[in-house]
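The numbering of the sequence shown is the numbering used here, which starts it at 536 and goes up by one. A quick write-up on the structure given underneath.
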Amino acid sequence: MNELITTLAQSGDIAVYLLIDMSIAIALLGGIRFTMGFIGNVDTKDELSQKDNYAYGVSMAGAVAAMGIALSGAITGEVAGSYSIELLGMFAYGLTGLILIKAGRFIHDKFALPAFNKHELILDRNLSVGLVDAASVIATAIVVRAALIWVEGLDINTFIAITAAWIVSQVMLVLITRIFEWQFSRNNGTTFQATLELGHIALSIRYAGYLISTAMSVTAASYFIIYDASNLWLGIGQWAVMSVILMVCLTLLTTIAKFIVLWGINRRVEVEDQENIGIATIELAISFSIALLLMALMT
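Structure (structure tokens):
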């Protein structure tokens, strides 16, 4: 009987912790729409339900998914010790995730794709830009999630480590964008950003695969590094080095896999000239699959 009472008491505590975590998570998810509307000076109800702006809807869907991904790193399932600590920790991690996702979107706009005004194009129903925007925030969230899982405790070192990992991810995402842009310009004689601005959906799908798989390779790098607050910068440096190594491995393995899976198909012509969305989606799936396999091998 005593054991039953103890079990019921523990179950009650877990239920309260779950209620705290999910309440904050749902509040933050709900805040995404209003944050996007406030920052972009947009009536989200008008864009989504009156104008039926599917590009804006895709962009917001990416932001909501990104917030959910980041929050999944904050909810560990472990009992914090008290309700107040759980409330503080979940809110602090969630708010940090939200800020870093928004900051990642800004970095992507200003440094990865600075040639056009993404916000105006999305409001003008440019679906390709909406897809890229969604992919960029999801990629950032994947790394933020990994950082939240990697760190321990709730002090200044924790947030320094999370921010440093975020910086590593942003450098990698800008780098992969420059490589992608160089390859496209070499093959087509025009710029990737100009083509994206024209609404090239197949190209945006392929690029989304590059962004998300790169973020997953950065995540896989964290599995090699043990969090140690006393040697924080050493750990961050090791994470950065491993991220570069795994990104190179990802690129090589993805190239081989695409060649085999799409044997006999001229991928450049199909995606870049003929805007074949089907081939581009297969490429995205291959990039995602290889990155997922790398993550599984690294754990």
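Cβ coordinates follow ideal geometry from the N, Cα and C atoms, glycine included. Because the structure is a prediction, the values reported are computed rather than measured.
Worksheet item: Would you call M782 buried or exposed, if buried means 16 or more other Cβ atoms sit within 10 Å of its Cβ?
Response: The residue you call residue 782 lines up with position 247 of the sequence shown. Classification of M782: buried, given that the 10 Å Cβ count is 16 or more.
Fill in: R660 versus G629 - alpha carbon distance
Your numbering for residue 660 matches position 125 in the sequence shown. Your numbering for residue 629 matches position 94 in the sequence shown. Computed Cα separation, rounded: 30 Å.
Fill in: Of the listed residues I800, W798 and M751, nearest to I780 (C-alpha basis)
For the purposes of this step, residue 780 is taken as the residue at position 245 of the sequence shown. Answer by Cα proximity: M751.
Fill in: Reference G632, options I677, M557, F651 and N811, closest by Cα
As a first step, residue 632 must be located in the sequence shown, where it is residue number 97. Ranking I677, M557, F651 and N811 by Cα distance to G632 puts I677 first.
Worksheet item: Since E818 is in the alpha helix (DSSP H), which residue starts that stretch and which ends it?
Response: Against the sequence shown, residue 818 aligns to sequence position 283. Looking at the DSSP string, the run of the alpha helix (DSSP H) that includes E818 is I812 to M833.
Worksheet entry | DSSP-derived helix/strand/coil call for N588 | Taking the sequence shown and counting its residues from 1, the one referred to as residue 588 is at position 53. It is coil, neither helix nor strand.
Worksheet entry | Cα-Cα separation between T786 and L564, rounded to whole angstroms | Taking the first residue of the sequence shown as 1, we reach residue 786 at position 251. Taking the first residue of the sequence shown as 1, we reach residue 564 at position 29. Going by the C-alpha atoms only, they are around 33 Å apart.
Worksheet entry | Contact set for L583: own chain, Cβ-Cβ below 8 Å, skip 5 residues either direction | The sequence position of residue 583 within the sequence shown is 48, counting from 1. Taken in chain order, the residues that qualify are Y591, G592 and M595.
Worksheet entry | Span of the alpha helix (DSSP H) around N692 | Within the sequence shown, numbered from 1, the residue matching residue 692 stands at position 157. That run of the alpha helix (DSSP H) goes I691 to N723.
Worksheet item: For D668, does the count of other Cβ atoms within 10 angstroms reach 16, so buried, or fall short, so exposed?
Response: For the purposes of this step, residue 668 is identified with residue 133 of the sequence shown, where counting begins at 1. The residue is buried, with at least 16 neighbouring Cβ atoms inside 10 Å.
Worksheet item: How is G509 classed by DSSP in three states: helix, strand or coil?
Response: The structure shown has nothing for residue 509, since the chain only spans 536 to 834.
Item to complete: Buried or exposed for T790, please, with buried defined as at least 16 other CB atoms from any protein chain shown within 10 angstroms of its CB.
Response: One-based indexing of the sequence shown puts residue 790 at position 255. The residue in question, T790, is exposed, as its Cβ has fewer than 16 Cβ neighbours within 10 Å.
Fill in: Continuous alpha helix (DSSP H) stretch holding I677: start and end
The residue given as residue 677 occupies position 142 in the sequence shown. Per DSSP, I677 belongs to the alpha helix (DSSP H) from L662 to W685.
Worksheet item: Under the rule that 16 or more other beta-carbon atoms within 10 Å means buried, what is R803, buried or exposed?
Response: Position 268 of the sequence shown, counted from the start, is the residue given in the question as residue 803. R803 should be labelled exposed.
Discussion item. On the CB-based measure, 16 or more other CB atoms within 10 Å of its CB, does N588 come out buried or exposed?
Written reply: Residue mapping note: residue 588 aligns to position 53 of the sequence shown, counting from 1. When all chains shown are included, N588 counts as buried.
Practice prompt. With a 10 Å radius around its C-beta and 16 neighbouring C-beta atoms as the bar for buried, classify K586 as buried or exposed.
Written response: Position 51 of the sequence shown, counted from the first residue, corresponds to residue 586. So K586 counts as exposed.
Practice prompt. Counting only the same chain and skipping the five closest in sequence on each side, list residues whose C-beta sits under 8 Å from that of I800.
Written response: Here residue 800 is taken as the residue at index 265 of the sequence shown, counted from 1. Only I814 meet the Cβ criterion.
Item to complete: Kindly indicate which residue of V776, L738 and E732 has the alpha-carbon position closest to the one of F719.
Response: Looking up residue 719 in the sequence shown gives position 184. Among V776, L738 and E732, the Cα nearest to that of F719 is on L738.
Worksheet entry | Alpha-carbon spacing of V703 relative to C784, whole angstroms | In the sequence shown, residue 703 corresponds to position 168, counting from 1. In the sequence shown, residue 784 corresponds to position 249, counting from 1. The straight-line gap from Cα to Cα measures roughly 17 Å.
Worksheet item: According to the neighbour-count rule (16 or more other Cβ atoms, all chains shown, within 10 Å of its Cβ), is T650 buried or exposed?
Response: Mapped onto the sequence shown, residue 650 falls at position 115. The sequence as given places Ala at residue 650; Thr does not occur at that position. A650 comes out exposed.
Practice prompt. Using only alpha-carbon positions, find the residue among F694, T726 and A674 that is nearest to I604.
Written response: Mapped onto the sequence shown, residue 604 falls at position 69. The option with the nearest alpha carbon to I604 is A674.
Worksheet item: Any idea what DSSP makes of V593, helix, strand or coil?
Response: Residue mapping note: residue 593 aligns to position 58 of the sequence shown, counting from 1. It is helical.
Item to complete: Could you please give the first and the last residue of the uninterrupted alpha helix (DSSP H) stretch that includes H654?
Response: Here residue 654 corresponds to residue number 119 of the sequence shown, with the count starting at 1. Its alpha helix (DSSP H) spans residues K653 to L658.
Worksheet item: Along the chain, where does the alpha helix (DSSP H) that runs through F794 open and close?
Response: Along the sequence shown, read from residue 1 onward, the residue named residue 794 stands at position 259. Note, F794: alpha helix (DSSP H), L767 to V796.
Worksheet entry | Length of the line joining the Cα atoms of A562 and I574 | Within the sequence shown, the letter at position 27 stands for residue 562. Within the sequence shown, the letter at position 39 stands for residue 574. Near 18 Å, if we compare the C-alpha coordinates of I574 and A562.
Worksheet item: When burial is assigned at 16 or more other CB atoms within 10 Å of the CB, is T579 buried or exposed?
Response: As a position in the sequence shown, residue 579 is number 44, starting the count at 1. Per the 10 Å Cβ criterion, buried.
Worksheet entry | Beta-carbon spacing of M830, A755 below 8 Å | Along the sequence shown, one-based indexing puts residue 830 at 295. Along the sequence shown, one-based indexing puts residue 755 at 220. For M830 and A755, yes; Cβs fall inside 8 Å.
Item to complete: Quick one: using the 10 Å Cβ neighbour count with 16 as the cut-off for buried, is L539 buried or exposed?
Response: For this step, residue 539 is matched to residue 4 along the sequence shown. For L539, the predicted model reports a pLDDT of 35, less than 50, meaning its position is unreliable; a value from the coordinates is still stated below. With fewer than 16 Cβ atoms within 10 Å of its Cβ, L539 is classed as exposed.
Worksheet entry | I567, DSSP secondary structure in three states | The sequence position of residue 567 within the sequence shown is 32, counting from 1. Helix at I567.
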